[in-house]
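S.K.: Letter by letter, the sequence shown follows residues 1 to 96 of UniProt numbering.
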Amino acid sequence: MQPMPLSMPNIDAELSGLPLFQVLPAEPSTAIAFTPSFFSQDAQSLVTTPIIGQYFDQDLFGTVGEMLHTFVESGQVWALLAGTVFGYMVRSLTTY
1 MQPMPLSMPN IDAELSGLPL FQVLPAEPST AIAFTPSFFS QDAQSLVTTP IIGQYFDQDL
61 FGTVGEMLHT FVESGQVWAL LAGTVFGYMV RSLTTY
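1) Hey, how far is the Cα of T63 from the Cα of F71?
2) In angstroms, rounded to a whole number, what distance separates the CA positions of Y88 and G75?
3) Which residue marks the beginning of the alpha helix (DSSP H) containing F86, and which one marks its end?
4) Rounded to the nearest angstrom, what separates H69 and F86 at their Cα positions?
5) Is F56 helix, strand or coil by DSSP?
Spelled out as structure tokens, the structure:
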């Protein structure tokens, strides 16, 4: 069975005579295969451009320590304490 090309305009693929993608029937679903024209010199920048695979720092304790240091240094800890005391006072005055 001959693979069916997808209807996807590509100047490089039209010049080489090969479709960019080919849909190959497989059991039970459909598979997509890359043809050699996808890896041509003109499409090399598309292949080597990193899109996925970013590095994330996984130092959880270091990140939490920096966050707490910034929280105390910026004075937000005092706003948290004042809001807690004020909220407790309002609650005690409004309940029976």
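Don't be surprised by glycine CBs; every beta carbon is placed ideally from N, CA and C.
Computed from a prediction, not measured in an experiment: that's the story for all the values here.
M.R.: Looking at the atomic coordinates:
1) 12 Å
2) 21 Å
3) Q76 to T94
4) 24 Å
5) coil
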